[in-house]
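Here's the structure we're looking at; comments come further down.
Numbering (my numbering), first residue to last: 4 to 488.
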């Protein structure tokens with residue numbers, strides 16, 4: 004397509020060349036440059052695209068997007084922009100024919116709840132007859148195709164490519180997780196979300212390679228409310244006023260607060276043979292009872308968020324109730340039926356904050372015993388191991404310490420670090436290095452009324468050891484154990 008068409012929605016300065024030439028491909032990875040490519044010079048954490056200009060020109064690239072002047076032959080068009088990442092979002096949208104304009108777009112940001120809520124929304128809308136694409140932490144789903152995720156929010160080019168594929172696959176809507184990094188790096192520019200959702204915010208992702216402080220983290224997430232038509236925000240969050248400051252969208256709220264537009268009332272815990280759940284009544288903008296087979300107060304928030312979104316699609320109460328009853332998210336409080344006597348679940352909790360939240364929630368169900376099986380990843384912070392050991396020691400009646408992606412470390416050394424944290428508590432524990440053996444121990448020693456949680460792996464289906472990933476899906480391990488393999 005014509006270079007001029009790719010540039011039609013951005014501001015730029017033409018340093019040399021002309022914009023009437025044909026462009027074959029748009030690339031931001033120099034290795035993918037080819038004859039007649041447009042190469043976008045991105046400054047990344049590791050590499051600066053400007054340094055690869057000679058390489059891409061040698062491969063036949065005939066147009067460059069730059070933030071600073073570069074040396075290039077006269078027949079190469081050089082276009083200067085203020086921010087290459089921002090420009091790439093709009094160029095990518097144009098390259099794929101503005102597919103977001105053919106979809107209802109839903110973006111969900113927040114510290115917790117993004118993943119579960121996206122799957123709940125997908126479940127509800129599909130139950131009502133919509134065809135829904137999904138982009139998130141676990142995977143992208145396009146029709147029957149699933150693509151494992153590398154980032155929660157992919158680069159803008161990839162987002163637009165997925166949108167194009169969704170339109171071609173007959174999708175009418177897309178729900179996606181929007182990370183603070185994705186917003187900060189302009190990955191979700193190039194279109195306006197129809198609905199932007201802010202679930203909650205807690206200190207997280209703060210460090211030299213992410214956000215300098217909590218205020219910066221919050222401000223990046225709040226950018227979503229300037230990139231959507233309708234904003235839907237958790238009214239209960241203590242930072243609500245800061246979140247909505249400067250918003251440019253029509254605003255709605257949800258939560259337990261009497262001030263919320265959509266409210267959860269009369270919440271109660273539900274339990275049965277081998278499962279845990281929660282029930283509540285929706286009031287305000289809608290009025291009906293809900294019961295879901297996922298435990299915890301945060302499950303109310305996740306489902307209420309999904310209801311607040313799907314309300315805009317004209318989904319009936321019956322469809323919502325039915326869809327929420329069957330909505331499941333791989334590795335997020337995913338209950339696996341192994342016995343009528345006790346409950347077993349898989350969860351991705353892999354740091355102290357997530358593990359504490361999970362175990363605190365499960366304690367509310369007054370189990371006979373709360374059993375927590377987990378390990379910690381190798382070549383990662385040892386502090387995380389101490390903290391997780393201490394959390395499990397305090398909150399679980401029995402901890403089963405095992406392996407979780409030891410990478411290049413010895414599994415026993417990681418377990419010893421976890422035991423250092425355990426030693427600060429009176430918690431009982433056993434250590435079983437082999438994860439399958441550890442899970443078998445948990446199942447075979449399950450007692451009536453127990454809640455057993457396998458924490459840390461969640462949706463992951465591999466074990467990383469000495470630089471190699473080996474297949475290991477806890478669902479498969481459980482099936483093998485039950486089959487006596």
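For glycine and all other residues, C-beta sits at the position ideal for the given N, C-alpha and C.
| Item | Value |
| --- | --- |
| For the alpha helix (DSSP H) that contains residue 447, what are its first and last residues? | 438-447 |
| Going by the CB atoms, is the gap between residue 235 and residue 255 shorter than 8 Å? | yes |
| Quick one: does the C-beta of residue 419 sit closer than 7 Å to a heavy atom of the ligand MN? | As for the ligand MN, it is missing from this structure, which has no ligand bound. |
| With which residues is residue 234 paired in a DSSP beta bridge? | 199 and 254 |
| Leaving out five residues on either side along the sequence, give the residues of the same chain with a beta carbon under 7 Å from the beta carbon of residue 287. | 263, 264, 265 and 266 |
| Taking one C-beta from the segment 433-449 and one from the segment 469-485 each time, how about it: are there three or more such pairs within less than 8 Å? | yes |
| Under a Cβ-count criterion, where at least 16 other Cβ atoms within 10 Å of its own Cβ denotes burial, should residue 54 be classed as buried or exposed? | exposed |
| So, under 8 Å CB-CB, residue 324 and residue 293 are touching, yes? Tell me the CB distance rounded to an integer number of Å. | 6 Å |
| If I follow the unbroken beta strand (DSSP E) through residue 375, where does it start and stop? | 373-377 |
| Taking three-plus beta-carbon pairs below 8 Å as touching, is the segment 189-200 in contact with the segment 106-114? | yes |
| Taking 8 Å as the threshold, find out whether the segment 418-430 comes into contact with the segment 385-402 through three or more Cβ pairs. | yes |
| Could you tell me the alpha carbon to alpha carbon distance between residue 336 and residue 346, rounded to whole angstroms? | 11 Å |
| What runs of the alpha helix (DSSP H), each 4 residues or longer, lie entirely inside the segment 147-182? | 159-171 |
| Residue 471 lies in the beta strand (DSSP E); which residues open and close that run? | 471-474 |
| Can you give the Cα-Cα distance for residue 138 and residue 359, rounded to whole angstroms? | 27 Å |
| Compute the Euclidean distance between the alpha carbons of residue 7 and residue 61, then round it to the nearest angstrom. | 23 Å |
| Looking only at C-alpha atoms, which of 403, 369 and 413 sits nearest to residue 381? | 413 |
| Straight-line CA distance for residue 438 to residue 474? | 13 Å |
| Starting from residue 143, trace the beta strand (DSSP E) in both directions and tell me its first and last residue. | 142-145 |
| Does the segment 33-42 come close enough to the segment 63-71 to have 3 or more Cβ pairs within less than 8 Å? | yes |
| Taking DSSP as the reference, what is the three-state secondary structure of residue 103? | helix |
| Using 8 Å as the threshold, is the segment 124-143 in touch with the segment 174-183, meaning 3 or more CB pairs across them? | yes |
| How should residue 49 be labelled, buried or exposed, when 16 other C-beta atoms within 10 angstroms of its C-beta is the threshold for buried? | exposed |
| Label residue 352 either buried or exposed according to how many other C-beta atoms from any shown protein chain fall within 10 Å of its C-beta, with 16 as the threshold for buried. | buried |
| With a 10 Å radius around its C-beta and 16 neighbouring C-beta atoms as the bar for buried, classify residue 160 as buried or exposed. | buried |
| Taking only runs that begin and end inside the segment 310-387, name each unbroken alpha helix (DSSP H) of 4 or more residues, in chain order. | 320-329 and 355-366 |
| Is the beta carbon of residue 458 closer than 8 Å to that of residue 377? | yes |
| Is it buried or exposed, residue 29, if we count other Cβ atoms within 10 angstroms and call 16 or more buried? | buried |
| Can you tell me the Cα-Cα spacing of residue 440 and residue 374, whole angstroms? | 15 Å |
| Can you tell me whether DSSP reads residue 10 as helix, strand or coil? | coil |
| Looking only at C-alpha atoms, which of 168, 394, 277 and 83 sits nearest to residue 148? | 168 |
| Residue 189 and residue 34 - do their beta-carbons sit closer together than 8 Å? | no |
| Quick one: what's got a C-beta closer than 8 Å to residue 116's C-beta in the same chain, skipping five residues either side? | 202, 203, 301, 304, 305 and 308 |
| Quick one: what's residue 402 bridged to in DSSP? | 375 and 432 |
| When we look at the beta-carbon of residue 291 and count the other beta-carbons within 10 Å, is it buried (16 or more) or exposed? | exposed |
| Is it true that the CB of residue 407 sits closer than 8 Å to the CB of residue 333? | no |
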